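Report on the following structure.
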Amino acid sequence: MDSTHFETRPRKKRRFFAEDSSPVVQSIQRYSSPPAASPQSPPKEVESPVSIPDDGETGQDGDENDEFAGLLQAVVGRVSREVLDALKLRSGGDAQRAINMYFDRSWKTAAEPTAPLRQPSLQASLTTNMNRHGSDMSNAPMLSKPSTPLNPILKSMPPKRYIGSFGAIGWATKSGTGMLKHEEHVGIERTKLREPAGKRRIINNKKQDVVVRFTNNRGEEVGRLENDFAAWISSLMDQKVCSFEGTCVYVPDRVRTGDTIYLQLRCYMLRSAFDKRKFVKPDNNRSVSLFAEKESQDEKDLRLRQVALVKLFEAINLQPTRANENAEKYKRQGLLQAAESAENNEQKSKARNGATGEAGSSPASESEEGEELEQDQLDSLYKKAQSFDFNTPEMTPADTFAMDLRKYQKQALYWMVGKEKDESLKHKEESMHPLWEEYEWPTKDANNDPVPVVDDQKMFYVNPYSGELSVEFPRQEQNCLGGILADEMGLGKTIEMLSLIHTHRNEPARDHTSHTVHTLPRLPKHSVDVEKAPYTTLVVAPMSLLAQWASEAEKASKEGTLKVMVYYGSEKSVNLQRLCCEANGVNAPNVIITSYGTILSEFNQVSAMDGNRGSHGGLFSVDYFRIILDEAHYIKNRQSKTAKACYELMATHRWVLTGTPIVNRLEDLFSLVRFLKVEPWSNFSFWKTFITVPFESKDFLRALDVVQTVLEPLVLRRTKDMKTPEGEALVPLPPRTIEVEKIELSQDERDVYEHIYLRAKRVFNANADAGTLLKSYTTIFAQILRLRQSCCHPVLTRHQGIVADEEDAALASDLAKGLADDMDLGSLIERFTTDGEQDVNRFGAHVLKQIQDEEHAECPICSEEPMVDQAVTGCWHSACKECLLNYINHQRDKGITPNCFNCREPINARDIFEVIRHDHISPTDNDNIRSDNPSSGTQQTPRVSLRRIGITGSAKTQALLTHLKHLRRTSPTTKSVIFSQFTSFLDLIEPALARDHIPFLRFDGSMSQKARAAVLEEFRSSNKPYVLLLSLRAGGVGLNLTCAQRVFMMDPWWSFAVEAQAIDRVHRMGQEEEVKVVRFVVRGSIEEKMLRIQERKMFIADFGSASSLGMMSDEEKRIQRIEDIKELLS
Amino acid sequence: MALPKRIIKETERLMAEPVKGISAVPHEDNLRYFDVTIDGPGQSPYEGGVFKLELFLPDDYPMTPPKIRFLTKIYHPNIDRLGRICLDVLKSNWSPALQIRTILLSIQALLGAPNPDDPLANDVAQKWKEDEKGAIETARQWTEQYAKP
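As you go down the protein sequences, you meet chains A and B in turn. Going by full-length UniProt numbering, 764 is the number at position 764 of the first sequence; the sequence numbering is gapless. Going by full-length UniProt numbering, 90 is the number at position 90 of the second sequence; the sequence numbering is gapless.
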């Protein structure tokens, strides 16, 4: 813009760079620098050479030393001595009042009958000036002509400036006659005149003092304003935003206490109001650890002011001349409502917290404060943020980058490089900050009389969300040289980021051919001594992804073009400051990969060293070229130490990667924005006022719109199902089939299940009858958990640590005492814990031969040929396993001792042996079975072995094994992934796999980083048909398992989305073959019901927008969950 | 209800490889219901007779034994006037490994070797114990009278 005119620069800057300005301007600033101090205080003003009449006349006769006159004339221009005297008389020597009186002409209508002679003419000259200025929208040359261009007089805002007038109602506090006359000037006072200052009340007193008094010409209190007006007028006056003057419009001749008096109030904006902003915005970027989450006094004042300003503009009917189009949608009424509801909330929380709470919500309650977003709201938010322009230019990555990028990835690169380089931002058209509105100063008052104007300040700006005021153009600042890359999982965020690392980098100075060397000025060393690391990008990722980052970085780079370092565990011994500094540019690592945990622990160390970053020599001791937070929802809780630690990291460019910038609360986004240091959103008060509060007061559309304005410039998000304009998928992925396999429990499992089911139901019914469902929610939930576990494997229900509630303790003690009630469960489960495989050598060779011969024989019971899962009795008679078990159960049901179908020897279910054929094992991987599985007797791998039934335990593991064996036979190289939410279940699956000689790997949260990396690497690179056992929790995020083509979900989760995310580990970009997913669900069990609930929830999210837009309260949600449980137990 | 594979296989086999002296033909409208004939074994009072029986396979067959009853009047200590048979494999000694064929063979064998110590028809058993010759004669007469084709 026209930067040649220094006066258009932000006032704030001038304060700090005074040398830029002329001495005159400096003095202006000196004048306005104590903004909190009342501008009415005369001694300050008289020092100022600023206040010179704006008609250009300078000379002043004999009154130079008269403080009053000087002050007055400084504002109103030169006046005659008569006028001065009259004014002095009327105002009682108060220059402030005198000025007001002069402008509203009340001094004339007041007691003094004789009007000064010069007054009209001056008025006229002023009028012409004003009119000209008002009509001529370009800078009125007339005004600036008489003075030099730099004449500060015209540039300065007077201590107060007329904004509008409105009618108000007051009531008399005194009785008497002649107290007030029609047209008499009325002073508007906040506190009682001449009241001892000690009696002043502080604003934040419990009961807000809003009394606004008005006085007559003689300065006597006449009455008070009606509360409707006083409520907001008082805040405006208290916060030095406005001052008011009144004229009596109607008053009864004889006033009695309580009589209504009509006033016309003129409102002036005080200059101090426009300074306020600097003080309200707490500079808390540097005081993270002390970051105050509560609504501060500042915040509260801001809110009061917000309400008051909106009401004022309503009263004086001032409309914005320019406003953000989004902002226009938000009615003022909505604003008021929002602020008021915040007030109410505060009252409530105060009431709850008793006398102790000021604005009092503890950090803990604060963290739960943000309401959760419903799925459809999230969807609509994302939809807006996803307006991805398919015509975005592409950028080819640097030639050191070794991978091919897809089109949309090149577009991402273009976007990211653009974000990082300031140039693109510099040339950006300056636009008004979306939250501000522009207003024009009125040039005429209510009587159509002109009011003084200030040159170059035709407009002022109001932020109706916060009540902030400014005379400077509020530009939308974009000082964040980074952003949020929120592409959906599988689109290759990591690759995109790596291409950025390659493409936008500084080259060490040694490389003379390089012309991209940034001349990064060395910062003056301050106490903490942070070293610049101009060649280094820091990647922060969850521990499980460190290895993946490292290997992807290697893969994406041409040999020797990128130095990657994993900063974790033992590698931490290096001094990063020395390693990464500019001087060491040639050897400095280009990428340092570390974990959130490392950040946190170093953060703690640094804070223990009183924040001495430099001497620590770790992650916090350098100022990186770029920081990338992967899976950034790790810091979604701004209260968490990890988040706070991340805020403290220093870098030129900041990026966050996440597939879900908002997990379930809008506050989740705040933390990201805070990390990115996007002003002003990184200020929580600001955020809260604009987003949290409106959202919580159900003004979703507005809150979401605001969020969108935050997101839009920051976020790049594409989804997998986005289509190019040509209708092509962004990433064509091979098909994926999901099949639900219904599992039949064995009788024994069924017994355990029923046992637990009945118990859960009993607890539920007892609580339902007693009406304590909500209270005993957790107990019931624990029961449900156990029920789900019993679907997986009955042994799980007895696993320590999982079952920890009282009832189980009781059960355990019952068992110990041998009490009958739970005996059956104990013994039932015992059947699953019997150990060991039958020693094959114990059987005669002929037995094995016979069994082997019978392999293709018909089942004597069902005539199936060959037998399905051949099994033998203790007397070596073969039949299908199921037939055999059925028959035993049949006999047991009839109360007879089971005996062999063939020889009638008494038999028992535990003496049934499965015939295991190891034909799914190719001879080569006999030695590949994991060595830490000391499965005895399998050294020479018999072709057939016998296994006691019940060892592999549950129906689910059996089904899984059947699938895996089948897979081995049909597709011997396919790798599979098995997910369960119970690691203890994985523990049970492991030995079963080992027994069947299926090579497997294990990945869960309890493993060290090294071990995880090794597991992933082995799984990926080996050509063995590995099975990877993953816990749903540890494996749900980030991992890339595209080398597998089969997914087995051992147990359903409450929402399918979580399962889908796990499935997407395999079915994501890079997957080249069809992916088959099998979800195991026990028939006729709670799991089937869970599926139904899953479906219903999906349905609600998809179609129930109308009903779910009205958000559910916590209470309602609980009730909903209880309903779910009711359904589960029905 | 679909017929289990086992019943189909047994039926097929009964048709394809009939046992000498025994026939079992399922009803067309109920494949679990069989018309059975058993020839009286040689060297027995039942020789020359053709005995009709009915056989029904219950739902949980082969977990439970088939239900079998003589339709032809027969004088036998282990078969009562209603044609019910006292045979362990049809009761406690049933095993799912047994089949229609084996059961019918057992019944045929029972005809050749009556067991009056485990009687079902008390009067017949009594007679058999007290006057075996007379009993056999009566049996032969009954066969002559009722079981001639």
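Backbone N, C-alpha and C fix where the C-beta goes; we use that ideal spot for every residue, glycine too. The structure displayed is predicted, hence computed values, not measured ones.
Taking Cβ-Cβ distances shorter than 7 Å, what residues in chain A pair up with residue 67 of chain B?
As a first step, residue 67 of chain B must be located in the second sequence, where it is residue number 67. Correct list: empty, because the minimum Cβ distance to chain A is about 16 Å.
Do we get a CB-CB distance below 8 Å when we pair residue 902 of chain A with the residues of chain B?
Against the first sequence, residue 902 of chain A aligns to sequence position 902. Chain B, which has a Cβ nearer than 8 Å to the Cβ of residue 902 of chain A, makes this yes.
Cut-off 7 Å between Cβ atoms - residues of its own chain near residue 954 of chain A, not counting five sequence neighbours on either side:
Indexing the first sequence from 1 puts residue 954 of chain A at position 954. Here the set comprises 749, 792, 793 and 794.
Counting C-beta neighbours from all protein chains within 10 Å, is the total for residue 573 of chain A 16 or more, i.e. buried, or is it exposed?
Taking the first sequence and counting its residues from 1, one reaches residue 573 of chain A at position 573. Exposed, by the Cβ-count rule.
Whole-angstrom Cβ separation of residue 560 of chain A and residue 716 of chain A, contact assumed at under 8 Å?
Here residue 560 of chain A refers to the residue found at position 560 of the first sequence. Here residue 716 of chain A refers to the residue found at position 716 of the first sequence. Contact doesn't hold; Cβ gap of about 30 Å is too wide.
Leaving out five residues on either side along the sequence, give the residues of the same chain with a beta carbon under 6 Å from the beta carbon of residue 874 of chain A.
Numbered from 1 along the first sequence, position 874 holds the residue referred to as residue 874 of chain A. The residues are 907 and 911.
For residue 149 of chain B, decide whether its Cβ has a neighbour in chain A, counting only Cβ atoms nearer than 8 Å.
Along the second sequence, read from residue 1 onward, the residue named residue 149 of chain B stands at position 149. No, residue 149 of chain B does not count as interfacial toward chain A.
Test: residue 952 of chain A CB closer than 8 Å to a CB of chain B
Residue mapping note: residue 952 of chain A aligns to position 952 of the first sequence, counting from 1. In this prediction, residue 952 of chain A has a pLDDT of 49, which is less than 50 and means its spatial position is unreliable; nothing more can be read from the coordinates.
Pull up the DSSP beta-bridge partners for residue 244 of chain A, would you.
Numbered from its first residue, the first sequence carries residue 244 of chain A at position 244. Answer by DSSP bridge pairing, in chain order: A:267.
What residue range does the beta strand (DSSP E) around residue 50 of chain B cover?
Here residue 50 of chain B is taken as the residue at index 50 of the second sequence, counted from 1. For residue 50 of chain B, the uninterrupted beta strand (DSSP E) segment begins and ends at 50 to 56.
Residue 39 of chain B in three-state terms, based on DSSP:
Here residue 39 of chain B corresponds to residue number 39 of the second sequence, with the count starting at 1. The answer is strand: DSSP assigns residue 39 of chain B an E or B state.
Alpha-carbon to alpha-carbon, residue 415 of chain A and residue 487 of chain A
As a first step, residue 487 of chain A must be located in the first sequence, where it is residue number 487. As a first step, residue 415 of chain A must be located in the first sequence, where it is residue number 415. Answer to the nearest angstrom: the Cα atoms are 13 Å apart.
Tell me residue 870 of chain A's beta-bridge partners as DSSP assigns them.
Along the first sequence, read from residue 1 onward, the residue named residue 870 of chain A stands at position 870. A:880.
Measure from the alpha carbon of residue 968 of chain A to the alpha carbon of each residue in A:1035, A:1119, A:998 and A:182, then state which is nearest.
Taking the first residue of the first sequence as position 1, residue 968 of chain A is located at position 968. Residue A:998 is the option with its Cα nearest to residue 968 of chain A.
Per-residue contacts from residue 106 of chain B into chain A (C-beta, under 7 Å):
On the second sequence, residue 106 of chain B is found 106 positions in, with the first residue counted as 1. Simply none; closest approach about 15 Å.
Against residue 151 of chain B, what residues of chain A qualify as contacts under a CB-to-CB distance less than 8 Å, listed in chain order?
Because chain B in this structure spans residues 1 to 149, residue 151 of chain B falls outside the shown range and cannot be described.
Euclidean distance between Cα positions of residue 668 of chain A and residue 222 of chain A:
Position 668 of the first sequence, counted from the start, is the residue given in the question as residue 668 of chain A. Position 222 of the first sequence, counted from the start, is the residue given in the question as residue 222 of chain A. Roughly 53 Å separates the two Cα atoms.
When you compare only the Cα positions, how much space is there between residue 579 of chain A and residue 588 of chain A?
Position 579 of the first sequence holds residue 579 of chain A. Position 588 of the first sequence holds residue 588 of chain A. One C-alpha to the other measures close to 5 Å.
Inter-residue Cα distance where the pair is residue 402 of chain A and residue 1084 of chain A
The residue given as residue 402 of chain A occupies position 402 in the first sequence. The residue given as residue 1084 of chain A occupies position 1084 in the first sequence. Distance between the alpha carbons of residue 402 of chain A and residue 1084 of chain A is about 53 Å.
Is any beta-carbon of chain B found at less than 8 Å from that of residue 971 of chain A?
The residue you call residue 971 of chain A lines up with position 971 of the first sequence. So no, residue 971 of chain A is outside the interface.
Taking Cβ to Cβ, would you say residue 107 of chain B is nearer than 8 Å to residue 38 of chain B?
For this step, residue 107 of chain B is matched to residue 107 along the second sequence. For this step, residue 38 of chain B is matched to residue 38 along the second sequence. Yes, they are a contact pair.
Please tell me whether residue 931 of chain A has its Cβ less than 8 Å away from any Cβ of chain B.
Position 931 of the first sequence, counted from the start, is the residue given in the question as residue 931 of chain A. Reliability fails at residue 931 of chain A, whose pLDDT of 35 lies under 50, so the model's placement of it is uncertain and no value is given.
Environment of residue 753 of chain A [buried if 16+ CB atoms lie within 10 Å]:
Walking along the first sequence from the start, residue 753 of chain A turns up at place 753. Answer is buried; the Cβ neighbour count reaches 16.
Short of 6 Å in beta carbon distance, which residues of its chain neighbour residue 1047 of chain A, apart from the five on each side in sequence? Order them along the chain.
The residue you call residue 1047 of chain A lines up with position 1047 of the first sequence. Within the same chain, residue 1047 of chain A has close Cβ partners 977, 1063, 1066 and 1077.
Taking DSSP as the reference, what is the three-state secondary structure of residue 1150 of chain A?
For chain A, the structure presents residues 1 to 1130; residue 1150 of chain A sits outside this window and is missing.
Is there at least one non-hydrogen atom of the ligand ADP closer than 7 Å to the beta-carbon of residue 26 of chain B?
The ligand ADP is absent from the structure shown, which contains no ligand whatsoever.
Distance, residue 88 of chain A Cα to residue 273 of chain A Cα:
The sequence position of residue 273 of chain A within the first sequence is 273, counting from 1. The sequence position of residue 88 of chain A within the first sequence is 88, counting from 1. When rounded, the distance between both Cα atoms is 27 Å.
Pick out the complete alpha helix (DSSP H) segments inside the stretch 595 to 634 of chain A, 4 residues or longer, and give them in chain order.
596 to 608 and 613 to 616
Does the stretch 170 to 179 of chain A come close enough to the stretch 251 to 265 of chain A to have 3 or more Cβ pairs within less than 8 Å?
yes
For residue 438 of chain A, three-class secondary structure by DSSP:
If you number the first sequence from 1, residue 438 of chain A lands on position 438. Strand at residue 438 of chain A.
Name the two residues that bound the continuous beta strand (DSSP E) containing residue 1046 of chain A.
Taking the first residue of the first sequence as 1, we reach residue 1046 of chain A at position 1046. 1046 to 1049 is the extent of the beta strand (DSSP E) around residue 1046 of chain A.
Could you compute how far the alpha carbon of residue 82 of chain A sits from the alpha carbon of residue 218 of chain A?
Residue numbering aside, residue 82 of chain A sits at position 82 when the first sequence is read from its first letter. Residue numbering aside, residue 218 of chain A sits at position 218 when the first sequence is read from its first letter. Going from the Cα of residue 82 of chain A to the Cα of residue 218 of chain A covers about 20 Å.
Over what stretch of residues does the alpha helix (DSSP H) that includes residue 543 of chain A continue unbroken?
In the first sequence, residue 543 of chain A corresponds to position 543, counting from 1. Premise fails: residue 543 of chain A is in no alpha helix (DSSP H) and is neither H nor E.
Return the CA-CA distance between residue 581 of chain A and residue 963 of chain A, expressed in angstroms with no decimal places.
Against the first sequence, residue 581 of chain A aligns to sequence position 581. Against the first sequence, residue 963 of chain A aligns to sequence position 963. Approximately 55 Å between the Cα atoms of the pair.
Quick one, are the C-beta atoms of residue 502 of chain A and residue 417 of chain A less than 8 Å apart?
Taking the first sequence and counting its residues from 1, the one referred to as residue 502 of chain A is at position 502. Taking the first sequence and counting its residues from 1, the one referred to as residue 417 of chain A is at position 417. No.
is_contact[residue 97 of chain B, chain A] using C-beta, thresh 8 Å:
The residue you call residue 97 of chain B lines up with position 97 of the second sequence. Yes, its Cβ sits closer than 8 Å to a Cβ of chain A.
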